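S.K.: For the sequence shown, this note's numbering begins at 37 and goes up steadily by one.
Cβ coordinates follow ideal geometry from the N, Cα and C atoms, glycine included.
Source: prediction; values computed, not measured.
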Amino acid sequence: RGDKGDLPGTRSSGHDGELWMTSPELSCSQAPPDGRWRAISSGAPPCTMPCTGSKGTCPRRAGCGRGSLPTSRARHGELFRVCWLLLMGSCQGLHLTAPLAPLAKAYGTALITHPMQTKLVSAAALGVASDWVAQTREPEAYDVWRSTSFLVFSVLYRGLFQHFAFPRIIDLCNGNMLATLLPACAGAIRLLAAIERTLFNQLVVVPIVYYPMFFAITGAVQGLSPSESLQRARKHYLPLMLTTLSFWVPINLYQFFFLPVDWQVPFVCAIGFLWTVILSVLAGRCEKQGCSVEPA
């Protein structure tokens, strides 16, 4: 986890020792004798990361231009933080008005100090919001029980289950299996690990955990009997599975390759919000054209 000197919402080290720097405000001077960098930009806190490399390169790549680690992951992490905080109504990385900047910092800090609670609240809020957006496109009256079912499912699966599942998937799938099958690609172990994690999530976790939980929880909250929920699952399982794979495989690949584990659940919640809205729009277009698309 991040050092005490980190800016709110930043992460010093990712899983497997990966180093992340998501604040554009920190720059570094030459490393002092104790081997630790110091921030030289006005108002920035001290950088407490140890200096690495024979030339004293800064693992944060925070403005010195001499760091040895690639910056693409940090940039993509920052890009997601911007997108996510925009969905939450604030953005820490941009020069926004005074009321918005504290919201961005507060969310980043909450994600560090209270990770599970923050993810549960985020999953609940975006789960209800996505269903509300979908229902506003329908002529029927607002269905409170349907919205409640999305709330319960989002909290239990996206907020709670994935909070514990993603770190386990990352530990279990390290790329070694694909490296054995594809020795010519063994040098790209991080990409192979991300592919393994994506395949495990989509081909094991989603069919065994996601869909049974979704149909059971949403059916129970909406008053369906177990047999009715099972019939509903049989009707929608295969179409939903194919649709899910086409959308979520690249999303999960991006998630497992670029993002630190702390930000993966908020990322999935944010994309889940957009996915529900997309399905709602597609369903509306099909109704006008006489085709059949049913978002779950």
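Just reading off the alpha helix (DSSP H) that Phe197 is part of, what are its end residues?
M.R.: Residue numbering aside, residue 197 sits at position 161 when the sequence shown is read from its first letter. Counting along the chain, Phe197 falls outside any alpha helix (DSSP H), and DSSP gives it neither H nor E.
S.K.: Looking only at its own chain, which residues have a Cβ that is under 7 angstroms from the Cβ of Ala146, when we skip the five neighbours before and after it?
M.R.: Position 110 of the sequence shown, counting from 1, holds the residue named residue 146. Closer than 7 angstroms at Cβ, skipping near neighbours: Thr154.
S.K.: Is it true that the stretch 281-300 meets the stretch 220-236, where meeting means three or more beta-carbon pairs spaced less than 8 angstroms apart?
M.R.: yes
S.K.: The alpha helix (DSSP H) with Ser185 in it runs from where to where?
M.R.: Here residue 185 refers to the residue found at position 149 of the sequence shown. First-last of the alpha helix (DSSP H) with Ser185: Val180 to Phe189.
S.K.: Less than 8 angstroms separating the beta-carbons of Ala215 and Cys221?
M.R.: The count along the sequence shown starts at 1 and reaches residue 215 at position 179. The count along the sequence shown starts at 1 and reaches residue 221 at position 185. The beta carbons of Ala215 and Cys221 sit closer together than 8 angstroms.
S.K.: Nearer than 7 angstroms: is that true of the beta carbon of Pro203 relative to any heavy atom of the ligand FAD?
M.R.: The ligand FAD is not among the ligands present in this structure, which contains no ligands whatsoever.
S.K.: I need the straight-line Cα distance from Ser183 to Ala160, nearest angstrom please.
M.R.: The residue given as residue 183 occupies position 147 in the sequence shown. The residue given as residue 160 occupies position 124 in the sequence shown. Looking at the two C-alpha atoms, the distance is approximately 10 angstroms.
S.K.: If you count every other CB in all the chains shown that lies within 10 Å of the CB of Gly308, and 16 or more means buried, which is it?
M.R.: Counting from 1 along the sequence shown, the entry for residue 308 is found at position 272. Buried, because 16 or more other Cβ atoms sit within 10 Å of the Cβ of Gly308.
S.K.: For the structure I just gave you, are there three or more beta carbon pairs, one from the stretch 257-265 and one from the stretch 232-249, closer than 8 angstroms?
M.R.: no
S.K.: Does the beta-carbon of Val297 have 16 or more other beta-carbons within 10 angstroms, so that it is buried, or is it exposed?
M.R.: Indexing the sequence shown from 1 puts residue 297 at position 261. Under this definition Val297 is a buried residue.
S.K.: Helix, strand or coil for Ile314? Go by DSSP, reduced to three states.
M.R.: Here residue 314 is taken as the residue at index 278 of the sequence shown, counted from 1. The answer is helix: DSSP assigns Ile314 an H, G or I state.
S.K.: Report the three-state DSSP secondary structure of Ser263 (helix, strand or coil).
M.R.: Here residue 263 refers to the residue found at position 227 when the sequence shown is read from its first residue. Helix, per DSSP.
S.K.: Quick one: grab the DSSP three-state call for Ala224.
M.R.: Position 188 of the sequence shown, counted from the first residue, corresponds to residue 224. Note: Ala224 maps to coil in three-state DSSP.
S.K.: Assess contact between the stretch 187-198 and the stretch 248-256, defined as three or more Cβ pairs (one per stretch) separated by less than 8 angstroms. Is contact present?
M.R.: yes
S.K.: Rounded to the nearest angstrom, what separates Tyr193 and Leu139 at their Cα positions?
M.R.: Taking the first residue of the sequence shown as position 1, residue 193 is located at position 157. Taking the first residue of the sequence shown as position 1, residue 139 is located at position 103. Each residue's alpha carbon lies about 26 angstroms from the other.
S.K.: Around the C-beta of Ser78, are 16 or more other C-beta atoms found within 10 angstroms, so that it is buried, or is it exposed?
M.R.: Stepping through the sequence shown from its first residue, residue 78 is reached at position 42. Low per-residue confidence applies at Ser78: pLDDT is 40, beneath 50, and the placement is therefore not dependable, though the value from the model is reported in the following sentence. The residue is exposed, with fewer than 16 neighbouring Cβ atoms inside 10 Å.
S.K.: Could you give the DSSP three-state label for Cys305: helix, strand or coil?
M.R.: For the purposes of this step, residue 305 is taken as residue 269 along the sequence shown, with counting starting at 1. Helix.
S.K.: Whose C-beta lies closer than 6 angstroms to the C-beta of Gly195 among residues of the same chain, with five residues either side of it excluded?
M.R.: If you number the sequence shown from 1, residue 195 lands on position 159. The residues are Lys155, Leu156 and Ala159.
S.K.: Report all residues from its chain with a CB closer than 6 angstroms to the CB of Gly163; omit the five preceding and five following residues, and keep chain order.
M.R.: As a working note, residue 163 is residue 127 in the sequence shown. Closer than 6 angstroms at Cβ, skipping near neighbours: Phe186, Leu187 and Ser190.
S.K.: Which ranges does the alpha helix (DSSP H) cover as unbroken runs of at least 4 residues, wholly within the stretch 242-302, from first to last along the chain?
M.R.: 247-257 and 262-294
S.K.: Along the chain, where does the alpha helix (DSSP H) that runs through Leu162 open and close?
M.R.: Your numbering for residue 162 matches position 126 in the sequence shown. Element bounds for Leu162: Pro151 to Thr172.
S.K.: Report the residue from Phe292, Arg204 and Trp311 whose alpha carbon sits nearest the alpha carbon of Ser282.
M.R.: Your numbering for residue 282 matches position 246 in the sequence shown. Closest by alpha carbon: Trp311.
S.K.: Looking only at its chain, what residues have a beta carbon closer than 6 angstroms to the beta carbon of Ala269, apart from the 5 residues adjacent to it on each side?
M.R.: Counting from one through the sequence shown, the residue named residue 269 turns up at place 233. Excluding residues within five positions, the ones whose Cβ falls inside 6 angstroms are Phe251.
S.K.: If you run the structure through DSSP and keep just helix, strand and coil, what is Asn212?
M.R.: For the purposes of this step, residue 212 is identified with residue 176 of the sequence shown, where counting begins at 1. Looking at Asn212 - three-state DSSP - the assignment turns out to be helix.
S.K.: Any idea what DSSP makes of Leu239, helix, strand or coil?
M.R.: Walking along the sequence shown from the start, residue 239 turns up at place 203. Helix at Leu239.
S.K.: Glu176 by DSSP, collapsed to three states: which one?
M.R.: As a working mapping, residue 176 is identified with position 140 in the sequence shown. DSSP places Glu176 in coil when its eight states are reduced to three.
S.K.: Would you mind giving the Cβ-Cβ distance between Met152 and His199, rounded to the nearest angstrom? I have them listed as a contact below 8 angstroms.
M.R.: Start at 1 with the first residue of the sequence shown, and residue 152 comes out as number 116. Start at 1 with the first residue of the sequence shown, and residue 199 comes out as number 163. Rounded, the Cβ-Cβ distance is 5 angstroms, consistent with contact.
S.K.: When you compare only the Cα positions, how much space is there between Ile314 and Thr234?
M.R.: As a first step, residue 314 is located in the sequence shown; it is residue number 278 there, counting from the start. As a first step, residue 234 is located in the sequence shown; it is residue number 198 there, counting from the start. Their backbone Cα atoms lie some 22 angstroms apart in a straight line.
S.K.: Are the beta-carbon atoms belonging to Trp299 and Gln238 less than 8 angstroms from one another?
M.R.: For the purposes of this step, residue 299 is identified with residue 263 of the sequence shown, where counting begins at 1. For the purposes of this step, residue 238 is identified with residue 202 of the sequence shown, where counting begins at 1. No, Cβ-Cβ distance for Trp299 and Gln238 is not below 8 angstroms.
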